[in-house]
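S.K.: What follows is a structure written as structure tokens; I'll ask about it next.
Number of protein chains: 2
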Amino acid sequence: MAGIRSAKLKRLNNAPQCRDPEITRSQILDAAEEEFARHGFKASRTEAIAARTGVTKAMIYYYFQSKEGLYRVVLERCATTILPTLEQMNLEQLPPQQALEQFVRQLLLHTSNNPNLPRIMFLEAIQNKGKYYRDTANLFSKLIAILERGIAAGSFRPLDSRHTAVNILGTCVFYFGALDNIKHLWPSKQMLSQEMLEQHSQEALNFILAGVRAQ
Amino acid sequence: MAGIRSAKLKRLNNAPQCRDPEITRSQILDAAEEEFARHGFKASRTEAIAARTGVTKAMIYYYFQSKEGLYRVVLERCATTILPTLEQMNLEQLPPQQALEQFVRQLLLHTSNNPNLPRIMFLEAIQNKGKYYRDTANLFSKLIAILERGIAAGSFRPLDSRHTAVNILGTCVFYFGALDNIKHLWPSKQMLSQEMLEQHSQEALNFILAGVRAQ
DNA sequence: GTCTATATAAAGATAGAC
DNA sequence: GTCTATCTTTATATAGAC
Chain W
12 MAGIRSAKLK
22 RLNNAPQCRD
32 PEITRSQILD
42 AAEEEFARHG
52 FKASRTEAIA
62 ARTGVTKAMI
72 YYYFQSKEGL
82 YRVVLERCAT
92 TILPTLEQMN
102 LEQLPPQQAL
112 EQFVRQLLLH
122 TSNNPNLPRI
132 MFLEAIQNKG
142 KYYRDTANLF
152 SKLIAILERG
162 IAAGSFRPLD
172 SRHTAVNILG
182 TCVFYFGALD
192 NIKHLWPSKQ
202 MLSQEMLEQH
212 SQEALNFILA
222 GVRAQ
Chain E
12 MAGIRSAKLK
22 RLNNAPQCRD
32 PEITRSQILD
42 AAEEEFARHG
52 FKASRTEAIA
62 ARTGVTKAMI
72 YYYFQSKEGL
82 YRVVLERCAT
92 TILPTLEQMN
102 LEQLPPQQAL
112 EQFVRQLLLH
122 TSNNPNLPRI
132 MFLEAIQNKG
142 KYYRDTANLF
152 SKLIAILERG
162 IAAGSFRPLD
172 SRHTAVNILG
182 TCVFYFGALD
192 NIKHLWPSKQ
202 MLSQEMLEQH
212 SQEALNFILA
222 GVRAQ
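Residue numbers (the numbering used here), protein chains in the order written: chain W, 12 to 226; chain E, 12 to 226.
Below is the structure:
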């Protein structure tokens with residue numbers, strides 16, 4: 012995510028101030044996302060975000076008023092980036108099985124490209140009890156709708172659509188949250204390498220499709 | 012977990028010091044588990060742990076030398092409580108399908124009774140990169156062994172046993188980590204109520220068994 | 001074994017110069 | 001728009017009385 016959004020940014024790591032507000036603001040957001048995704052809101056340090064950005068703490072308050080203001084913007088940005096892609100897919104018009112497969116593939120791709128996203132959401136839920144989070148992307152609603160269509164059509168087994176939606180999302184993102192507690196299972200691999208991400212995606216997809224299929 | 016372990020403890024919330032070291036030590040541990048499970052190591056406050064226990068901060072340093080020392084003991088205790096039960100079950104002697112079902116049932120029961128456990132493990136992985144965690148319970152080894160027996164016997168579909176072990180554990184515990192981000196899906200329910208825990212357990216079990224079954 | 005008081009360090013936030 | 005310097009609060013940790 013940081014990678015994509017930093018595309019147009021020019022300031023080098025230790026370069027002096029360049030006085031382009033859009034660039035600075037965007038760089039602070041990227042740095043903050045990294046910091047918040049690792050430590051959560053409370054344990055994150057404005058000093059660390061500033062240092063990562065290459066500016067001083069004062070800039071955070073100039074652009075975002077407070078540490079909390081910055082956190083809100085970061086979280087909002089995280090929750091909404093998957094939206095446009097998902098809307099374009101017109102999942103309602105596909106048969107349930109295909110819709111589910113496309114949904115899961117897209118979710119896995121998106122989290123693979125933005126491993127900060129699951130982490131920041133876990134931390135938000137656990138530490139802040141979801142205080143700052145709104146499901147603006149309506150991820151669950153979309154998934155639940157697909158599941159219910161599938162049950163009605165008889166292509167999915169009778170299941171609780173809400174619990175199953177949670178279990179499906181969990182299967183996609185647990186890997187990223189638990190990364191550093193499970194990496195010892197693959198002593199010679201990088202957990203975020205292309206190879207491992209593809210394996211996880213394939214296995215997660217197989218597991219999910221088998222988990223909901225009728226019979 | 013706190014509930015079980017507090018059974019023999021006598022000190023009331025605001026009672027004065029009772030000068031029983033075993034009781035005090037145990038109470039600090041219970042309070043620390045709650046605090047660490049909510050905030051993680053860095054963002055937890057010794058003052059809060061002390062207040063929750065009904066003693067002063069100084070006691071933490073008297074019994075555990077440092078905040079980090081306390082965290083280590085809490086984590087170790089969390090990781091090992093499921094061990095005895097799991098060993099008693101002699102899963103190696105059951106057919107793979109039954110072994111898996113028993114394993115998952117026990118894991119779901121254990122996390123339902125100790126919802127702090129998944130939280131503290133998520134926070135440890137994300138914030139500390141697993142620095143303080145060792146898989147002393149060998150949870151994954153046991154699960155992987157069951158899966159490989161099942162593949163060999165033809166009762167499970169061909170699957171990657173390590174990735175699938177991760178996906179199974181994820182299905183069991185994601186619910187607890189994401190609790191406060193998904194509670195809006197059940198506006199009228201308490202996520203940790205008996206009713207909801209039973210629903211989650213049932214749906215997770217069905218999802219997992221269907222997810223690995225041959226054909 | 002427990003408490004009070006305090007030393008020391010770290011972090012959020014702001015004022016004012018450039 | 002950015003920085004330096006500083007205020008204030010909050011935390012970890014310890015010394016010493018009881």
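Beta carbons are placed, not taken as given, at the ideal position from N, Cα and C, and that holds for glycine.
Inspect the CB distances between the stretch 197–212 of chain W and the stretch 133–143 of chain W and report whether three or more fall short of 8 Å.
M.R.: Flag = no, the stretch 197–212 of chain W and the stretch 133–143 of chain W do not touch.
S.K.: State the CB to CB distance for the pair arginine 116 (chain E) and leucine 216 (chain E), rounded to an integer number of angstroms; the pair is presumed to be in contact (CB under 8 Å).
M.R.: Yes, they are in contact, since the Cβ atoms of arginine 116 (chain E) and leucine 216 (chain E) sit about 7 Å apart, within 8 Å.
S.K.: To the nearest angstrom, how far is it from the Cα of alanine 59 (chain W) to the Cα of phenylalanine 47 (chain W)?
M.R.: So the alpha carbons of these two residues sit roughly 10 Å apart.
S.K.: Give a yes or no on whether the C-beta atoms belonging to threonine 175 (chain E) and leucine 158 (chain E) are separated by under 8 Å.
M.R.: Against a cut-off of 8 Å, the Cβ pair of leucine 158 (chain E) and threonine 175 (chain E) comes out as a contact.
S.K.: Mapping the DSSP letters down to three states, classify arginine 145 (chain W) as helix, strand or coil.
M.R.: It is coil, neither helix nor strand.
S.K.: Suppose the cutoff is 7 Å on Cβ atoms and the five residues either side in sequence are ignored; what does the same chain contact list for proline 106 (chain W) look like?
M.R.: There are no such residues.
S.K.: Would DSSP call arginine 173 (chain W) helix, strand or coil?
M.R.: Three-state DSSP puts arginine 173 (chain W) in a helix.
S.K.: Enumerate, from N- to C-terminal direction, the unbroken alpha helix (DSSP H) stretches of 4 or more residues contained entirely within the stretch 45–132 of chain E.
M.R.: Listed in chain order, they are 57–64, 68–75, 78–91, 94–99 and 107–124.
S.K.: What did DSSP end up calling arginine 160 (chain E) once you bin it into helix, strand or coil?
M.R.: Helix at arginine 160 (chain E).
S.K.: In angstroms, rounded to a whole number, what distance separates the CA positions of glycine 181 (chain E) and cysteine 29 (chain W)?
M.R.: Going by the C-alpha atoms only, they are around 45 Å apart.
S.K.: Suppose you measure from the CA of glutamate 45 (chain W) to the CA of tyrosine 82 (chain W); what does that come to, to the nearest Å?
M.R.: Cα to Cα, glutamate 45 (chain W) sits roughly 11 Å from tyrosine 82 (chain W).
S.K.: What residues from chain W crowd round asparagine 149 (chain E), counting only those whose CB sits closer than 7 Å?
M.R.: The contacting residues do not exist; asparagine 149 (chain E) stays about 11 Å from chain W at best.
S.K.: When the Cα atoms are used, what is the spatial distance from arginine 145 (chain W) to asparagine 192 (chain E)?
M.R.: Their Cα atoms are separated by approximately 8 Å.
S.K.: Roughly how far, in whole angstroms, is the beta-carbon of glutamate 214 (chain W) from the beta-carbon of leucine 170 (chain E), given that I think they are within contact range, below 8 Å?
M.R.: Going by Cβ atoms, the distance from glutamate 214 (chain W) to leucine 170 (chain E) rounds to 7 Å, so yes, they are a contact pair.
S.K.: Between the alpha carbons of histidine 121 (chain E) and glutamine 205 (chain E), how many angstroms are there, rounded?
M.R.: Spanning the two alpha carbons is a distance of roughly 13 Å.
S.K.: I need the DSSP call for glutamine 38 (chain W), collapsed to helix, strand or coil.
M.R.: Glutamine 38 (chain W): helix per DSSP, three-state reduction.
S.K.: What residue from W:Ala163, W:Glu79 and W:Phe114 has the CA that sits closest to alanine 43 (chain W)'s CA?
M.R.: When each option's Cα is compared against that of alanine 43 (chain W), the closest is W:Glu79.
S.K.: Taking the alpha-carbon positions, what's the serine 123 (chain W) to serine 172 (chain W) distance?
M.R.: Cα to Cα, serine 123 (chain W) sits roughly 25 Å from serine 172 (chain W).
S.K.: Which residue wins for smallest C-alpha separation from phenylalanine 52 (chain E), given the options E:Gln38, E:Ser77, E:Thr67 and E:Ala69?
M.R.: For phenylalanine 52 (chain E), the nearest C-alpha among the options comes from E:Ser77.
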